[in-house]
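In the working numbering, the protein residues as written are 46 to 386.
Idealized CB from N, CA, C, for every residue including glycine.
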Ligand SMILES: Cc1cc2nc3c(=O)[nH]c(=O)nc-3n(C[C@H](O)[C@H](O)[C@H](O)COP(=O)(O)O)c2cc1C
């Protein structure tokens, strides 16, 4: 049995951060209690709410991490955005929502969240979507935090190492939810996470946490054998008893009508892997790259669809391993994943 020395957990298994609800403190605590390492999902949260979650996590007596969305390029072609907003009007109308055709921008409270983490240091911080400035990374390391960057290519891994991070989360294209790519325009081509880990391994000796497409103990073992110090799972925890994912999302993962996943920009303007549904069918071709503008454009529509259980219009984030996502306590899911180590 191996352990993760960078993260300080007994098992080399990580609850990947899943913003927007699925990462509840109950899920993170259950994973920690079972010997894994858990990230709190700082993305989309107000700094005060994140501070509360951090205070709760300190009570667990084990290391934990906080994940943030680092602001990336925020260019919006306003004409293309307006055209996409028009194309989505019938979707919004189905739930009585009016779309705001003016693109909205925000940096997810970046400066305040960084200040929170500098003033109340946590054991580990990871970033996704972009690489923070070297000074921002150094400031967190100075207060004793292990800093990780999510990377999706060897070039990103090299740049992360040059910026002084302690390790990298190597996310393969099989992963559920948003791709951490620093270039949201990049075509995300299919590849096994083992391949991505091997290619990153050739350019850096930094510790690697591998993420994406885990569907059982065999893949966990393979990823550890190809050089990952720990393996992060998201999708396989979505249906766990402690998961904060909505009932509609949990049920869709097991529903026979969903027969695959697709990488799409249709919901948020940034590539993300989701269960293939009607919304993707109707808008995949015309979707634009414009995050977070498209995220804000569709947010209320997606929220109402979720409330109504309209899975044809929700963003049902899922990795390629979704068919193996089981219900039950997170501890049992983790225990099963550890059986081949
Ligand atoms: C519902 C959902 C939400 C996610 N939210 C985040 C997030 O807030 N930050 C992040 O770095 N990655 C996020 N991801 C990606 C995961 O951290 C992780 O890379 C991915 O789940 C691993 O692939 P898997 O889902 O196939 O296990 C999310 C994934 C899912 C499924």
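Margin query: Could you compute how far the alpha carbon of residue 22 sits from the alpha carbon of residue 300?
Written below: Absent from the structure is residue 22, since the part of the chain shown begins at 46 and ends at 386.
Notebook entry, point to check: Any heavy atom of ligand 1 closer than 6 Å to the Cβ of residue 322?
Noted result: no
Notebook entry, point to check: Rounded to a whole number of angstroms, what is the C-alpha to C-alpha distance between residue 239 and residue 228?
Noted result: 21 Å
Notebook entry, point to check: Which of the three DSSP states, helix, strand or coil, is assigned to residue 196?
Noted result: strand
Margin query: Quick check on the burial criterion: 16 or more other C-beta atoms within 10 angstroms. Buried or exposed for residue 123?
Written below: exposed
Note to self: Quick check for students: name the residue ranges of the beta strand (DSSP E) that lie wholly in the segment 306-357, counting only runs of 3 or more.
What the structure shows: 306-309, 317-320
Check: Looking at C-beta atoms only, is the number of pairs between the segment 107-125 and the segment 171-178 that lie closer than 8 Å three or more?
Finding: yes
Note to self: For residue 194 and residue 233, I'd like the C-alpha separation in whole angstroms.
What the structure shows: 18 Å
Next item on the list: State buried or exposed for residue 201, treating a residue as buried only when at least 16 other CB atoms are found within 10 Å of its CB.
Entry: buried
Check: Near residue 74, what residues of its chain come up, given a Cβ to Cβ distance below 7 Å and the 5 sequence neighbours on each side ignored?
Finding: 105
Item checked: Element boundaries [beta strand (DSSP E), containing residue 173] -> 169-173
Notebook entry, point to check: Should residue 173 be counted as a contact of ligand 1 given a C-beta to heavy atom distance under 6 Å?
Noted result: yes
Note to self: Measuring only the C-alpha atoms, how far is residue 322 from residue 137?
What the structure shows: 16 Å
Check: Since residue 278 sits in a beta bridge, which residues does DSSP pair it with?
Finding: 60
Item checked: Rounded separation between residue 77 and residue 128 - CA only -> 46 Å
Checklist line | Presumed contact (8 Å Cβ cut-off) between residue 210 and residue 182, rounded CB distance | finding: 6 Å
Notebook entry, point to check: Since residue 296 is in the alpha helix (DSSP H), which residue starts that stretch and which ends it?
Noted result: 292-299
Checklist line | Anticipated Cβ contact below 8 Å, residue 374 with residue 286, distance rounded | finding: 5 Å
Check: Looking at the structure shown, is residue 253 part of a helix, part of a strand, or coil, going by DSSP?
Finding: strand
Notebook entry, point to check: Is DSSP giving residue 54 helix, strand or coil here?
Noted result: strand
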